[in-house]
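For reference, the structure discussed in these notes is given below.
This is how it looks when you write it as structure tokens:
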């Protein structure tokens with residue numbers, strides 16, 4: 410059961426006309442969910458261009474990424490089309506989309522071969538002519554490594570764009586483009602993206618906040634995980650959706666191969682109170698044993714974290730510290746490869762909180778990149794007289810979070826010296842630590858700090874350095890993070 414969008418019944422220029430999530434028929438008053446009286450919702454459409462997609466030779470990996478990004482910006486994605494490499498088809502779709510939607514994204518068809526027809530199609534859509542852009546030619550000649558003093562026809566084709574087009578130079582990581590910039594062609598409200606996901610994602614992230622600006626609209630979303638399939642609760646869902654249909658949209662998504670839950674329910678509105686009321690109303694109709702604690706669903710850790718931050722009534726100072734910690738962990742994952750990072754884990758409350766933070770960011774990035782990254786590596790420096798309950802918890806956590814657990818007997822300095830000579834240890838550059846300023850060694854630490862002499866050539870990163878004892882427990886308990894049972898025994 411999903412929200413259906415009617416691309417033809419556009420009642421207000423470029424707005425999407427929303428259909429009933431229950432019966433799939435047009436609502437009597439389509440503008441009611443548009444809630445124009447509160448804030449105008451910006452709209453977008455995506456045109457995927459390429460015979461290879463239509464023939465199944467290439468699987469599109471871009472639409473899901475773009476849809477999530479647009480949604481976070483408060484931009485409603487109204488329609489997605491896939492068209493062949495035919496100028497007339499591209500022109501027709503672009504002309505229609507450019508009138509209907511605030512932003513139009515095209516993907517693919519801008520390469521150097523004979524079947525790359527996107528620029529020709531866009532020019533035809535706007536009754537424009539094509540022109541060899543010398544500035545763009547210089548870039549593509551460099552990028553394509555044309556022989557010195559020559560301009561290959563392939564580079565000329567990639568630099569031949571509609572005459573009225575504009576070029577935006579995006580800031581790009583130098584790991585992607587050595588010069589740190591990449592040209593993006595726009596014409597009117599159409600932004601032209603390459604079809605290669607690697608470049609598309611980096612370009613969109615660079616344009617976010619400048620070309621793609623938040624609409625100011627917030628789509629409040631709550632999620633409910635159930636361990637039963639739709640047939641068990643469909644009547645309750647229909648009843649609740651009908652009750653709140655003026656401002657709330659329900660979605661129901663069965664998960665056949667998901668061991669943690671069987672159905673995901675989403676509840677969405679521009680009105681936070683209506684989302685909370687609708688969720689409470691629906692839950693009141695369900696059996697308690699049907700409901701899965703959202704943080705038991707580790708595959709949805711990022712979504713659950715965002716929900717807690719947005720709707721959890723947490724203290725502002727804690728939210729600020731939590732967001733800073735998440736950003737620090739994400740920076741590590743952005744700057745270093747998975748095999749260059751390990752997390753020091755001894756089963757304590759602080760490093761348990763850190764492990765869940767790291768898993769949450771891994772979950773976020775895997776979703777953004779639409780692929781699962783390698784497992785986290787955790788290192789347990791085993792003391793001379795380990796506590797059985799702690800050891801059992803460490804193994805349990807390693808299994809639960811699917812981490813690559815390395816156990817090495819201490820003392821820590823000597824153990825680290827041995828590990829640094831292994832194939833895995835030779836690659837390590839960063840260690841994530843659960844150290845806080847209240848700890849004996851934490852008073853003079855910085856979030857990023859090189860280890861002392863004799864401790865390996867590592868960067869020590871302490872994401873929860875500023876957290877208080879109370880905040881650690883706020884995180885563990887409010888975010889339902891499993892911790893060692895000995896803490897409950899005093």
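In my numbering, the protein residues as written are 410 to 899. Just so it is clear, CB atoms sit at the ideal spot from N, CA and C, and this is done for glycine as well.
Check	Outcome
Burial state of residue 481 (16 or more Cβ within 10 Å)	exposed
Through-space distance from residue 774 to residue 572, alpha-carbon basis	38 Å
Closest residue to residue 633 among 760, 646, 626 (Cα-Cα distance)	646
Buried or exposed (CB count within 10 angstroms, at least 16 for buried), residue 523	exposed
Contact set for residue 597: own chain, Cβ-Cβ below 7 Å, skip 5 residues either direction	507, 535
Beta-carbon proximity list for residue 591, same chain, < 8 Å, skipping 5 on both sides	578, 579, 581, 585, 608, 611, 612, 615
Alpha-carbon spacing of residue 756 relative to residue 882, whole angstroms	15 Å
Where the beta strand (DSSP E) containing residue 453 begins and where it ends	451-458
Nearest to residue 875 (by Cα), restricted to the options 464, 734, 554	734
Residue 602 beta carbon less than 9 Å from that of residue 516	yes
Collapsed DSSP secondary structure at residue 607 in the structure displayed	helix
Range covered by the alpha helix (DSSP H) that runs through residue 499	496-509
Inter-residue Cα distance where the pair is residue 808 and residue 842	20 Å
Contact belief for residue 637 with residue 672 at Cβ below 8 Å, rounded distance in angstroms	7 Å
Euclidean distance between Cα positions of residue 766 and residue 747	15 Å
Test item: CB-CB of residue 662 and residue 674 under 9 Å	yes
Residues of its chain near residue 492, where Cβ-Cβ distance is below 7 Å and the 5 sequence neighbours each way are ignored	456, 458, 498, 499, 502
Given residue 531 as reference, the closest of 514, 800, 866, 688 once Cα atoms are compared	514
Contact under 9 Å by Cβ, residue 815 with residue 786	yes
CA-to-CA distance, residue 860 to residue 868, given in whole angstroms	6 Å
Residue 636 in three-state terms, based on DSSP	coil
Buried versus exposed call for residue 587 [16 or more other C-beta atoms within 10 Å across all chains shown]	exposed
Those runs of the alpha helix (DSSP H) which lie wholly inside the stretch 733-782 and span at least 4 residues	758-778
Endpoints, beta strand (DSSP E) assigned at residue 813	813-818
Same chain, Cβ closer than 7 Å to residue 727, neighbours up to 5 away in sequence not counted	880, 883
Beta-carbon proximity list for residue 469, same chain, < 7 Å, skipping 5 on both sides	457, 462
Residue 878 and residue 845 closer than 9 Å at C-beta	yes
Among 476, 864, 854, 652, nearest to residue 871 - alpha-carbon criterion	854
Within the stretch 503-555, ranges of the beta strand (DSSP E) (whole runs, at least 3 residues)	512-516, 539-541
Start and end residues, beta strand (DSSP E) containing residue 563	Element bounds for residue 563: not the beta strand (DSSP E) but the alpha helix (DSSP H), 562-567.
CB contact flag (residue 519, residue 454, <9 Å)	no
Residue 788, DSSP secondary structure in three states	strand
Simplified DSSP state of residue 475, which is helix, strand or coil	helix
Rounded distance between the beta-carbons of residue 570 and residue 542, thought under 8 Å	6 Å
Rounded separation between residue 467 and residue 606 - CA only	12 Å
As assigned by DSSP and simplified to three states, the class of residue 796	coil
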